[in-house]
Amino acid sequence: MAMSTVKARHLKDEDLVGKSDPYIELWLEKNYKQKTTTKNNTLEPEYNETFTFHADGHKHLHLRVVDKDLVSDDEIGTGKVDLDKIKDGYFDEWVKLPAMLGLSSKGEIHLKIETAG
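Right, dumping it as structure tokens:
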């Protein structure tokens, strides 16, 4: 499965001064995470980075957007993609990062996923 993180929008700002420095962690299994580069001082980062995963036997692709900081990184939000929603081998959608209790959103990530066969 080839997966591209295209961009994010409307990210919640986690920094007191300036804007967040976000990167995205992606995984099917917690012990094998991949991540994007960090984009500095933005709440609307563009990544256009591609990752490869072996999705056999997995039901979800997990996402975590993190604000890179000097002392410790802060989580902005998390989301997931139900791999059963990939129709005809292709997925091209904005994935929401829901806030607690689903009352609002902490942003969205635009993903493109292609599966072989």
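Residue numbering for the sequence shown follows UniProt numbering, beginning at 1 and increasing consecutively.
For glycine and all other residues, C-beta sits at the position ideal for the given N, C-alpha and C.
Residue i: buried (16+ other C-beta within 10 angstroms of its C-beta) or exposed?
i, result
"G57", "exposed"
"V81", "buried"
"S72", "exposed"
"E14", "buried"
"D21", "buried"
"L26", "buried"
"E85", "One point to set straight first is that residue 85 is Lys, not Glu, in the sequence displayed. That one is exposed."
"Y23", "buried"
"M3", "buried"
If I follow the unbroken beta strand (DSSP E) through residue i, where does it start and stop?
i, result
"E108", "S105 to E114"
"K7", "A2 to R9"
Quick one: measure Cβ to Cβ for residue i and residue j, integer angstroms, because I've assumed they're closer than 8 Å.
i, j, result
"G79", "V66", "Not a contact, Cβ separation roughly 13 Å."
"V6", "L111", "7 Å"
- Message: Report the start-end ranges of each beta strand (DSSP E) in the segment 26-99 that is 3 residues or longer and not cut off at the edges.
- Response: Fully enclosed beta strand (DSSP E) runs of 3 or longer: 32-35, 46-52, 60-67, 74-82 and 90-98.
> Are the segment 2-15 and the segment 100-113 in contact at 8 Å, needing three or more beta carbon pairs?
Replying inline: Yes, the segment 2-15 touches the segment 100-113.
Taking 8 Å as the cut-off, does the segment 50-67 touch the segment 28-36 (at least 3 CB pairs, one atom from each stretch)? Proximity of the segment 28-36 to the segment 50-67 meets the contact definition, three or more beta-carbon pairs being nearer than 8 Å.
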